[in-house]
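Student: Just so we're on the same page, this note's numbering is the position in the sequence shown counted from 1, plus 1051. Beta carbons are placed, not taken as given, at the ideal position from N, Cα and C, and that holds for glycine.
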Amino acid sequence: MAITKNTGRQWPLAAVVDIAYGDTPTTATFYEAADLPGAARVTGGALVVKTAWDSTTNTFAVGDSGAADRYLTASDLKTVGTYVFDFASDDGSAPLDVGVTYTETGTAASAGSAQLIVYYVLDGRANEVQPSVD
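Okay, structure coming up:
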């Protein structure tokens, strides 16, 4: 039996969420940041620290209600930069409530901002058809 080629093509989608230091007030708590549609499959993403947090130790893990660090195990919020998701693959069975788990030690932060970017595709979707080259 041969593989049936699919000529449908889709553009990747992105959920982009801005997060400020006061949006995650309690340490070791999961905060939902983006709800993805039912047929979504996460393909990548990043956490971009725009303004460094200013308390002793601050990290975000990125995941969902099933695994708080499914996509990114930890990111140092005290350093401005981009932390690319480090997951192996998304088989489409992960919960669709992507968010962050904030961890802090020392005094509470009084500054800091980040942007969460989640790239995904939808199973069964096609934005256009690529002509066959056979």
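1) Can you give me the C-alpha to C-alpha distance between A1165 and T1094, rounded to a whole angstrom?
2) Please classify N994 as buried or exposed, where buried requires at least 16 neighbouring CB atoms within 10 angstroms.
3) Look at the alpha carbon of T1124 and the alpha carbon of V1172, and state the distance between them as a whole number of angstroms.
4) Return yes when at least one heavy atom of the ligand HEM lies under 7 Å from the C-beta of T1133, else no.
5) What span of residues does the beta strand (DSSP E) with T1156 cover, start to end?
6) Using three-state DSSP, classify G1073 as helix, strand or coil.
7) List the residues that DSSP assigns as beta-bridge partners of G1175.
8) Any chance the segment 1061–1070 sits against the segment 1125–1135, with 3 or more Cβ pairs inside 8 Å?
Tutor: A quick look at the data gives this:
1) A1165 and T1094 have their alpha carbons spaced roughly 20 Å apart.
2) There is no way to answer for residue 994, as the model of the chain reaches only from 1052 to 1185.
3) 22 Å
4) As presented, the structure is devoid of all ligands, the ligand HEM included, so that no description of it is given.
5) D1148 to T1156
6) It is helical.
7) The partner list for G1175 (beta bridge, DSSP) is empty, contrary to what the question assumes.
8) no
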